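First comes the structure, then the notes that go with it.
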């Protein structure tokens, strides 16, 4: 792709570093911004800088937050004995949109994937096991994507909880095998968490 301007080329390159954005899409976005008033570009830049500089991660569940303890963890109406384990923040948003879940979350920050060099030590698993050992959690729901990496991560955590008096369950397979949680429709996702099954049962099914 030939550019008549080095400034344009640099902007397109940086935009194309975003996931799912190829160079043609990046060029279209950059040209769109060029046509907009300066105020819009300044507002976008300011919002991104503020996000990077000021965003926090909840000290309890690792969800994104403006304060040390996110709104979900700080809500006294949430069931603190019920914890749903998810891969990332997008999954929290997807489950919250169903309106069916009233417990807390634990965001792992990814899935175990040896092929990508991601091991248990790279995820928020240690803090989850630590919370489980404190005795407040009565049920842990595995809500990771139904992929090989997701199942591997579920099983690893399950083994770490051996000997603890905690029920473990997994969302019902209304989510197709291989599907990412964030792309499931709200009705299917809501039913999956309401109709969750014991995790040991899911191991036998596999």
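In the numbering used here, the protein residues as written are 56 to 261.
Every residue gets a Cβ at the ideal spot worked out from N, C-alpha and C, and that includes glycine.
Quick caveat, the model's predicted, so the values are computed rather than measured.
Here the C-alpha atom of residue 176 lies approximately 11 Å from the C-alpha atom of residue 165. Looking at the DSSP output, residue 160 bridges to 139. The way I'd put it, the segment 144-158 doesn't touch the segment 203-222; fewer than three beta-carbon pairs between them come closer than 8 Å. Rounded to the nearest angstrom, the gap between the Cα atoms of residue 142 and residue 198 is 8 Å. In summary, residue 254 is buried, with 16 or more beta-carbon neighbours lying within 10 Å of its beta-carbon over all protein chains present.
By alpha-carbon distance to residue 144, the top candidate from 221, 127, 152 and 162 is 162. For residue 175, the secondary structure class from DSSP, reduced to helix, strand or coil, is helix. Remark: C-beta atoms of residue 224 and residue 180 do not approach each other more closely than 8 Å.
Burial of residue 248 is indicated by the presence of at least 16 other C-beta atoms within 10 angstroms of its C-beta. A distance below 6 Å between beta-carbons, with the five flanking residues on each side excluded, links residue 58 to the following residues of its chain, in chain order: 64. Spanning the alpha carbons of residue 128 and residue 102 requires a straight line of approximately 25 Å. Per DSSP, residue 60 lies in no alpha helix (DSSP H) and is assigned neither H nor E. For residue 248, the three-state secondary structure derived from DSSP is helix. Residue environment analysis places residue 123 among the exposed positions, since fewer than 16 neighbouring C-beta atoms fall within 10 angstroms of its C-beta. Shown here for residue 191: same chain residues with a beta carbon closer than 8 Å to its own, the five before and five after excluded, namely 135 and 136 in chain order. For residue 170, the closest of 213, 207 and 183 by C-alpha to C-alpha distance is 207. Beta-bridge pairing by DSSP links residue 195 to 138 and 223. Beta-bridge pairing by DSSP links residue 120 to 111. Beta-bridge annotation (DSSP): residue 253 is paired with 224.
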